[in-house]
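Novice: This structure is in structure tokens; I'll ask about it shortly.
Residue numbers (this note's numbering), protein chains in the order written: chain A, 19 to 340; chain B, 1227 to 1759.
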């Protein structure tokens, strides 16, 4: 439209249609308001998103250090060294009447010897506080209600992938922190990762090198483990000085995820990538508070879909050269 | 709205003066009752689902009641009468019926449309009251008819705000009516609105959404991509489009828009070796737009040549905007919305160009004395033949080259233009549908950094999703940061990724599924074993 036409239009409008200037102004203001408001909403969504993702503030339980990602307050941040060497894996029904078929080493052999390099494993299962620290730091969301249990309980209802993500984050913190203890720093330097234990790492840590049926010996007892009950307990609440390597809750409390696909024995970590087209089922070990004694043995093998959440499944981490 | 009023001489209905004199509120009773109806709607289960939605309704009601009160007091003080005239225009009710039929068909296959019905009703009530008050504020009688209906239906065919931002939907409607009222020019000696009201509102809000990067506050992307869930949607839109074409002679605009888009797409495809639009020759939402959004006779040229130019410009505009928006990495579904207001602005220039052509034959192209009033039928016949040809060439409904992921993988490997971007886009879409294979591929793309900038966090996120969807290779990739494990799609992945823009294939028998996968280029699915499952 040419200038004279516009002027003519405006003049006509001014003469014949009262309030046009006001209306036009209001309309323009509404457009600016829409732009401003949408920009503001956009920003507030981002901010609120972060806030909503942050779980409740963690409380500080005795024995855990809030300044060290709520890890155990000891020299190695709750990690225990498992020396290199061989151990006996699987079950011998002649010695363990509760053994399941999937614990048998091969058609000709009940148990097998597996040699592992040295590694570190968590004394306790990963706690609610520790996992929440990760969620807060990374503004990560989870479908799990991570405020449902006290901070010193084992985290549960998380998926296999979430457990791995926690390990990945913790490794990054340990690499970046100047307070990381020297032995851990050295392991990281030589290529170790914080991740889930393999089945072999888990079993060796649980039963030691003397082929125990339970972490503390050959007979079940409620003294050292939380099983056959109705509820989980704070990590380490059943101390077990007689357990192999002094680890807590290797029997019961929550099932513990591993990074090994659940496959028939004989165990060989090199098989882990053998069948990528198969349904992924990952081994979990140790049983939970809800299991009977036969399912909390050191050799017990369960399997879980990597997307499953369960109140009876949690994890602990290892620091290991994969 | 696409068909606006052309007849400006309202006829008074016999009942309205009676209404005016029989109640103390006079004609204010109708908008008051409508506003109360809007308030009543806020108590329905659909609105109560969201607190923001409830407050959006109540704020709208409060604003309307306040404006109503002001108008009432002004009218009483000045002893003026705020009145109605009554006029039913076929442009409004035929258009609205066509739009409602599209909602019915589309909603049958995508249920959020039916869930949205209460909100459309609320917008309609809001629009009537707003339009009435706007007319009265201008000391003019309100022409009561179906005018707001096609505007609301048209807006909602292209953009809805999500519940938590629904107040913006009311604002968008208000802008549409204000644009119609205040943004006007002289055309053929009459003061007429420049912009198609719905396209004005959609265009403005689209611009705001783009500039503020807040498209996710709307259902725009879902709306644009779910039309094809309805089987044979192109044929359906073509058929209902014929109704509008028959009554309102818009064939030249729609036909030349389609022809231009089809032609440009064919040229691009011939040169580059890949389709221009991702999964169709003309996206279904654009096909809808060229029938029901751009065809308002009062905001488009009147001569046949002008309509042809207008239609072609729409085609070119959509074609160009799709590319431009894609280049900026913003949602491309705005392509059909942003160019309409610009085209509306070009109408006088088009009229002037056409009138400067010193050839009556050219200006009235296709006109012939013996055809008389049947000219539009001739245009429609040509359009029917054109559409039938496009359908026979599989360019409308049915399988499209770009539906195949394998095609895009090969095209990307061959460095064909845009192919890698399209591959990523498809992988994102299917990963969003929970196809594990697509999530694993996306995760590896972000790990590799070839098709997209390497991003360890994004990679981990997609691999985690794939792993949780039971894709073993993705779980292995999570465990080993250097691994690039791939595997063939799972059966469920195929059911999601072979849908060709339609509904998923959860009920399809396995042999048919693998035959389809083979047809899409998945060679592993072509073995005899697979087909004999």
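Cβ atoms here follow ideal geometry from the backbone N, Cα and C, with glycine treated the same way.
Does residue 277 of chain A come within less than 7 Å of chain B when only Cβ atoms are used?
Specialist: yes
Novice: Quick check: the Cα distance between residue 198 of chain A and residue 237 of chain A, rounded to an integer number of angstroms?
Specialist: 38 Å
Novice: Counting only the same chain and skipping the five closest in sequence on each side, list residues whose C-beta sits under 7 Å from that of residue 1374 of chain B.
Specialist: 1350, 1353, 1354 and 1357
Novice: For the ligand SAH, I want to know if residue 111 of chain A counts as a neighbour, meaning its beta carbon is within less than 6 Å of at least one of the ligand's heavy atoms.
Specialist: Only the bare structure without any ligand can be found here, which leaves the ligand SAH out of the picture.
Novice: Compute the beta-carbon to beta-carbon distance between residue 1650 of chain B and residue 1677 of chain B, rounded to the nearest angstrom, for a pair I have assumed lies under 8 Å.
Specialist: 6 Å
Novice: Leaving aside the five residues before and after residue 1360 of chain B along the sequence, list all residues of the same chain whose C-beta is less than 8 Å from its C-beta, in chain order.
Specialist: Taken in chain order, the residues that qualify are 1403, 1404 and 1407.
Novice: For residue 87 of chain A, collect the residues of the same chain with a Cβ closer than 7 Å to its Cβ; drop the 5 residues on either side in sequence, then sort them by chain order.
Specialist: 148, 151, 188 and 191, listed in sequence order.
Novice: Can you pull the chain A neighbours of residue 1406 of chain B, defined as C-beta to C-beta under 7 Å?
Specialist: Neighbourhood of residue 1406 of chain B in chain A, by CB distance below 7 Å: empty, with the nearest CB roughly 10 Å away.
Novice: Roughly how many angstroms separate the alpha carbons of residue 268 of chain A and residue 311 of chain A, rounded to a whole number?
Specialist: 13 Å
Novice: Roughly how many angstroms lie between the CA atoms of residue 1323 of chain B and residue 1378 of chain B, to the nearest whole one?
Specialist: Between the alpha carbons of residue 1323 of chain B and residue 1378 of chain B lies a gap of roughly 12 Å.
Novice: Quick check: is the beta carbon of residue 245 of chain A nearer than 7 Å to any beta carbon in chain B?
Specialist: Closer than 7 Å: no.
Novice: Determine the DSSP secondary structure at residue 99 of chain A, reduced to helix, strand or coil.
Specialist: Under the three-state reduction of DSSP, residue 99 of chain A is assigned to strand.
Novice: Buried or exposed, going by whether 16 or more other CB atoms sit within 10 Å of the CB of residue 1308 of chain B?
Specialist: By the neighbour-count rule (16 or more Cβ atoms within 10 Å), residue 1308 of chain B is buried.
Novice: Any residues in the segment 1721-1753 of chain B with a beta carbon nearer than 8 Å to a beta carbon of chain A? Which ones, in chain order?
Specialist: none
Novice: Counting only beta-carbon separations shorter than 7 Å, does residue 1702 of chain B have a partner in chain A?
Specialist: yes
Novice: Closest to residue 1329 of chain B by CA distance: which of B:1538, B:1518, B:1370 and B:1525 is it?
Specialist: B:1518
Novice: At least one CB of chain A closer than 7 Å to the CB of residue 1696 of chain B: is that the case?
Specialist: yes
Novice: Using the C-alpha atoms, what's the distance from residue 132 of chain A back to residue 104 of chain A?
Specialist: 5 Å
Novice: Does the beta-carbon of residue 1456 of chain B have 16 or more other beta-carbons within 10 angstroms, so that it is buried, or is it exposed?
Specialist: buried
Novice: Between the Cα of residue 200 of chain A and the Cα atoms of A:43, A:95, A:45 and A:318, which residue gives the shortest distance?
Specialist: Ranking the options by Cα distance to residue 200 of chain A, first place goes to A:95.
Novice: List the residues that DSSP assigns as beta-bridge partners of residue 191 of chain A.
Specialist: Bridge partners of residue 191 of chain A: none, in fact.
Novice: Taking C-alpha atoms, which residue in B:1495, B:1294 and B:1480 lies nearest to residue 1523 of chain B?
Specialist: For residue 1523 of chain B, the closest C-alpha among the options B:1495, B:1294 and B:1480 is that of B:1480.
Novice: Which one of B:1472, B:1639 and B:1732 has the shortest CA to CA distance from residue 1605 of chain B?
Specialist: B:1472
Novice: Quick check: what's the CA-CA separation for residue 1500 of chain B versus residue 1333 of chain B?
Specialist: 32 Å
Novice: So with CB distances below 9 Å, who are the chain A contacts of residue 1714 of chain B?
Specialist: 295
Novice: Is the shortest distance between the beta-carbon of residue 1699 of chain B and the beta-carbons of chain A less than 7 Å?
Specialist: yes
Novice: Looking only at DSSP bridge pairs, what is residue 264 of chain A linked to?
Specialist: According to DSSP, residue 264 of chain A bridges with nothing at all.
Novice: Label residue 245 of chain A either buried or exposed according to how many other C-beta atoms from any shown protein chain fall within 10 Å of its C-beta, with 16 as the threshold for buried.
Specialist: buried
Novice: For a cutoff of 7 Å on Cβ pairs, would you count residue 57 of chain A as touching chain B?
Specialist: yes
Novice: For residue 1750 of chain B, count the other beta carbons within 10 Å of its own beta carbon; 16 or more makes it buried, fewer makes it exposed. Which is it?
Specialist: For residue 1750 of chain B, the number of other beta carbons within 10 angstroms of its own is below 16, and it is reported as exposed.
Novice: Can you list, in chain order, the stretches of the alpha helix (DSSP H) that have 4 or more residues and sit fully within the segment 121-202 of chain A?
Specialist: 146-156 and 178-194
Novice: Tell me the residue span of the alpha helix (DSSP H) that contains residue 1532 of chain B.
Specialist: 1530-1553
Novice: At a CB-CB cut-off below 8 Å, which residues of chain B make contact with residue 324 of chain A?
Specialist: 1693, 1694, 1696 and 1701
Novice: Taking CB distances under 7 Å as the criterion, tell me whether residue 1685 of chain B reaches chain A.
Specialist: no
Novice: Going by beta carbon distance, what residues of the same chain come within less than 8 Å of residue 1413 of chain B, once the five residues before and after it are set aside?
Specialist: 1573, 1574 and 1577
Novice: Please state whether the Cβ-Cβ distance between residue 1310 of chain B and residue 1370 of chain B is less than 7 Å.
Specialist: yes
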